[in-house]
Amino acid sequence: MKPGDEIVIDENAFGFPIRSLNDIPAGDYVVQALINRYETFNLKTGHSVKLPPDQGEGQQWNRKPGNFYSKPFKITLDPAKKQNVSITLDQVIPPVEEPKDTKYIKHIKIQSKRLTEFWGRPMYLGAHVLLPEGFDEHPEARYPLMVFHGHFPDDFGGFSETPPPADMDTTDYSERFGIYGYKKFQAQESYNFYKQWTSKNFPRFLIIEIQHANPYYDDSYAVNSANLGPYGDAIMEELIPEIEKQFRGIGEGWARFTYGGSTGGWEALAVQMFYPDAFNGCFAACPDPVDFRAYCLVDIYKDKNAYWYESDFKKVPIPSHRNYLGQIQSTMQESNHYELALGTKSRSGQQWDIWEAVYSPQGEDGYPKRIFDKETGEIDKEVAAYWKEHYDLRHILERDWATLGPKLKGKIHIYCGDMDNYYLNNAVYLMEDFLKKTNNPFYGGEVAYGDRAEHCWNGDPVNPNYVSRLRYNSMYLPKILKRIEESAPKGADVKSWRY
1312 MKPGDEIVID ENAFGFPIRS LNDIPAGDYV VQALINRYET FNLKTGHSVK LPPDQGEGQQ
1372 WNRKPGNFYS KPFKITLDPA KKQNVSITLD QVIPPVEEPK DTKYIKHIKI QSKRLTEFWG
1432 RPMYLGAHVL LPEGFDEHPE ARYPLMVFHG HFPDDFGGFS ETPPPADMDT TDYSERFGIY
1492 GYKKFQAQES YNFYKQWTSK NFPRFLIIEI QHANPYYDDS YAVNSANLGP YGDAIMEELI
1552 PEIEKQFRGI GEGWARFTYG GSTGGWEALA VQMFYPDAFN GCFAACPDPV DFRAYCLVDI
1612 YKDKNAYWYE SDFKKVPIPS HRNYLGQIQS TMQESNHYEL ALGTKSRSGQ QWDIWEAVYS
1672 PQGEDGYPKR IFDKETGEID KEVAAYWKEH YDLRHILERD WATLGPKLKG KIHIYCGDMD
1732 NYYLNNAVYL MEDFLKKTNN PFYGGEVAYG DRAEHCWNGD PVNPNYVSRL RYNSMYLPKI
1792 LKRIEESAPK GADVKSWRY
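Residue numbers (our numbering): 1312 to 1810.
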């Protein structure tokens, strides 16, 4: 496609929530168009694929620098009448401004040798690093490292050296939590964490948030993948050592911990499992499915279809999202058809497609093999078998417990609300069933549930979800300190950072 070229979008284009333009009811509408620009990647595997590269925005098609879009305008539509509507994409999304270093927050970016080789062009990893109080005044200190996994961070979140203005507007309403003034509450929590972080007796740690957006999603899931490449090894063997070198990390497994929620929860558990000696504990909150017998509400091994429950005389849609009362907001078919309208071949940049991109084998065309047909929901059992052996965390633990168990004793902590919006608690139940039966050794960790708690409950038994979700960087610290005291090897540096 070149400037000035015309593209026709007609009734054959796959749309959502209305499948075809012919089916849109007559009426007045606002129209806007955007083009998500793909580029060619010549992969190490020999395949050439067309994908949208991240441009620093975290793989968001509606915020991606360089994407063209049109100004919105109103039209009157009557499907009974044939009409052509011309749309000119003469606007462009500007570049993203890089965050600036502060006294406490530093930023690092490296070109990854492993990822560059896989993708056939320069590929980068970044991180935001929160330095402890007294970092410059104690050059002899070496610090434990906390890896806070999660979606793409623009900057280090939840930390502010200034309180919110006293007259800050509090009329904003959070529909999810049912409260007013949540923006000010979040700003106050950020300032409270700054005060806690710099207080006299607070542990002196390094905390990092990683930028690993890629052509498929805002996050790589921090593991090696047939379609995304060796992100796990790149993070563990290139990025983290460089961070520990620059910012005086201890650089040993007993002094590293990882935590996160949702995507970050799955990542925390996965990297603890796949790099068992590199971390001394994981805290996985509301993790993405950790057992694919409960891929949300789908059992990819037994079920035939991901969109419909099996029934002889009726079709019952499988839900994909609910609230704490069990009221359903969307179905599996709706969620996946939305993605299909955004992009084919797992290129929507959305949740179900990234699970395919991470977990699936590479297809003959260079794109991820589908776990199920995106239009019909029919499950591919060969792909499911691949998922099981490579990324079904419960299955891998059970399969390899004889060798993994001794390395993971006391390290696994999982938390989930029993009314998680995405039904993620179902897989946690299955994981817990296995963990409770472990022996030689017993897993020695923790699994806990929040009563009526939605996504993303993280183990706080006292505060409501809208509070605890803002306190990841502080709530696990007592458990982490206890773990260090119990497990640090003889001669380990447990004092230089306790000033």
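Beta carbons are placed, not taken as given, at the ideal position from N, Cα and C, and that holds for glycine. All values reported here derive from a predicted model rather than from experimental measurement.
Review point. Do the segment 1337–1351 and the segment 1375–1388 make contact, defined as three or more Cβ pairs closer than 8 Å?
Key: yes
**Study point:** Presumed contact (8 Å Cβ cut-off) between N1737 and E1765, rounded CB distance
**Key:** As a first step, residue 1737 must be located in the sequence shown, where it is residue number 426. As a first step, residue 1765 must be located in the sequence shown, where it is residue number 454. Not quite, the Cβ-Cβ distance comes to about 14 Å (not below 8 Å), so this is no contact.
Check your understanding: Looking at the structure shown, is R1710 part of a helix, part of a strand, or coil, going by DSSP?
Key -> In the sequence shown, counting from the first residue as 1, residue 1710 sits at position 399. Helix at R1710.
Exercise for review: Quick one: residues in its chain with C-beta nearer than 6 Å to the C-beta of V1758, no 5 flanking neighbours on either side, listed in chain order?
Suggested key: Residue 1758 sits at position 447 when you count from the first residue of the sequence shown. These residues qualify, in order along the chain: I1725 and E1743.
Exercise for review: Below 8 Å CB to CB, which residues in the same chain sit around D1614 once its five sequence neighbours on both sides are set aside?
Suggested key: Within the sequence shown, residue 1614 is the residue found at index 303, counting from 1. For D1614, where only same-chain residues beyond five positions count, the Cβ hits under 8 Å are E1621 and I1690.
Check your understanding: Rounded C-beta distance between F1446 and F1470? I'm assuming under 8 Å.
Key -> Here residue 1446 is taken as the residue at index 135 of the sequence shown, counted from 1. Here residue 1470 is taken as the residue at index 159 of the sequence shown, counted from 1. That pair is no contact at about 14 Å.
**Study point:** Closest residue to K1414 among F1558, Y1484 and F1568 (Cα-Cα distance)
**Key:** Along the sequence shown, read from residue 1 onward, the residue named residue 1414 stands at position 103. Taking only the C-alpha atoms, the option nearest K1414 is F1558.
Review point. Should Y1754 be labelled buried (16 or more other beta-carbon atoms within 10 Å of its own) or exposed?
Key: The residue you call residue 1754 lines up with position 443 of the sequence shown. Buried, since its Cβ has 16 or more Cβ neighbours within 10 Å.
Review point. M1815 by DSSP, collapsed to three states: which one?
Key: The requested residue 1815 does not occur in the structure, where the chain is confined to residues 1312 to 1810.
Check your understanding: What number of angstroms, rounded off, separates the C-alpha of G1674 from the C-alpha of S1359?
Key -> Reading the sequence shown from its first residue, position 363 is the one you call residue 1674. Reading the sequence shown from its first residue, position 48 is the one you call residue 1359. So the alpha carbons of these two residues sit roughly 12 Å apart.
Check your understanding: What's the gap between the Cα of I1629 and the Cα of V1609?
Key -> Position 318 of the sequence shown holds residue 1629. Position 298 of the sequence shown holds residue 1609. Cα to Cα, the separation comes out at about 8 Å.
Point to revise | Residue environment, M1434, which counts as buried when at least 16 other CB atoms sit within 10 Å | key: Locating residue 1434 in the sequence shown gives position 123, counting from the first residue. So M1434 counts as buried.
Review point. If you follow the beta strand (DSSP E) that P1630 is part of, which residue opens it and which one closes it?
Key: The residue labelled residue 1630 in the question sits at position 319 within the sequence shown. Counting along the chain, the beta strand (DSSP E) containing P1630 begins and ends at P1630 to R1633.
**Study point:** Chain-order list of residues whose beta-carbon lies under 6 Å from that of I1723 (same chain, five-residue window excluded)
**Key:** On the sequence shown, position 412 is the one that residue 1723 refers to. These residues qualify, in order along the chain: Y1754 and G1756.
Practice item. Give a yes or no on contact between the segment 1419–1430 and the segment 1536–1546, applying the rule of three or more CB pairs nearer than 8 Å. Key: yes
Practice item. Leaving out five residues on either side along the sequence, give the residues of the same chain with a beta carbon under 8 Å from the beta carbon of T1642. Key: The residue labelled residue 1642 in the question sits at position 331 within the sequence shown. Closer than 8 Å at Cβ, skipping near neighbours: Y1618, P1628, I1629, P1630 and S1631.
Review point. Whole-angstrom Cβ separation of Q1583 and T1569, contact assumed at under 8 Å?
Key: By 1-based counting over the sequence shown, the position of residue 1583 is 272. By 1-based counting over the sequence shown, the position of residue 1569 is 258. Q1583 to T1569, Cβ: 6 Å. Contact.
Exercise for review: Confirm, please, whether the CB-CB distance from A1595 to W1577 is below 9 Å.
Suggested key: Position 266 of the sequence shown, counted from the start, is the residue given in the question as residue 1577. Position 284 of the sequence shown, counted from the start, is the residue given in the question as residue 1595. Yes, Cβ-Cβ distance for W1577 and A1595 is below 9 Å.
Check your understanding: I1346: buried (16+ other C-beta within 10 angstroms of its C-beta) or exposed?
Key -> Along the sequence shown, read from residue 1 onward, the residue named residue 1346 stands at position 35. I1346 is exposed by the Cβ-count criterion.
Review point. Is it the case that the Cβ atoms of E1409 and G1468 are separated by a distance below 9 Å?
Key: Numbered from its first residue, the sequence shown carries residue 1409 at position 98. Numbered from its first residue, the sequence shown carries residue 1468 at position 157. Cβ atoms of E1409 and G1468: not closer than 9 Å.
Review point. At what residue ranges does the segment 1474–1552 contain a whole run of the beta strand (DSSP E), taking only runs of 3 or more?
Key: 1517–1522
**Study point:** Distance, D1664 Cα to A1695 Cα
**Key:** Walking along the sequence shown from the start, residue 1695 turns up at place 384. Walking along the sequence shown from the start, residue 1664 turns up at place 353. Taking the straight line from one Cα to the other gives about 15 Å.
Point to revise | Best match in S1501, D1529 and Q1497 for proximity to E1472 [C-alpha to C-alpha] | key: Position 161 of the sequence shown holds residue 1472. That would be S1501, whose Cα lies nearest to the Cα of E1472.
Point to revise | Of the residues G1315, D1316, I1335 and Q1638, the one placed nearest E1322, counting alpha carbons only | key: If you number the sequence shown from 1, residue 1322 lands on position 11. It is I1335.
Check your understanding: Is S1657 near R1681, with beta carbons less than 9 Å apart?
Key -> By one-based count along the sequence shown, residue 1657 stands at place 346. By one-based count along the sequence shown, residue 1681 stands at place 370. Going by C-beta atoms, S1657 is nearer than 9 Å to R1681.
Check your understanding: Which value, in whole angstroms, describes the spacing of the CA atoms of D1478 and L1362?
Key -> As a position in the sequence shown, residue 1478 is number 167, starting the count at 1. As a position in the sequence shown, residue 1362 is number 51, starting the count at 1. Approximately 45 Å, taken between the alpha carbons.
Exercise for review: Please name the residue in A1652, Q1422 and L1735 whose C-alpha comes closest to that of F1325.
Suggested key: Start at 1 with the first residue of the sequence shown, and residue 1325 comes out as number 14. Comparing Cα positions, the closest option is A1652.
Check your understanding: Taking DSSP as the reference, what is the three-state secondary structure of D1339?
Key -> Numbered from 1 along the sequence shown, position 28 holds the residue referred to as residue 1339. Note: D1339 maps to strand in three-state DSSP.
**Study point:** Residues of its chain near N1647, where Cβ-Cβ distance is below 7 Å and the 5 sequence neighbours each way are ignored
**Key:** The count along the sequence shown starts at 1 and reaches residue 1647 at position 336. Correct list, in chain order: W1663 and K1685.
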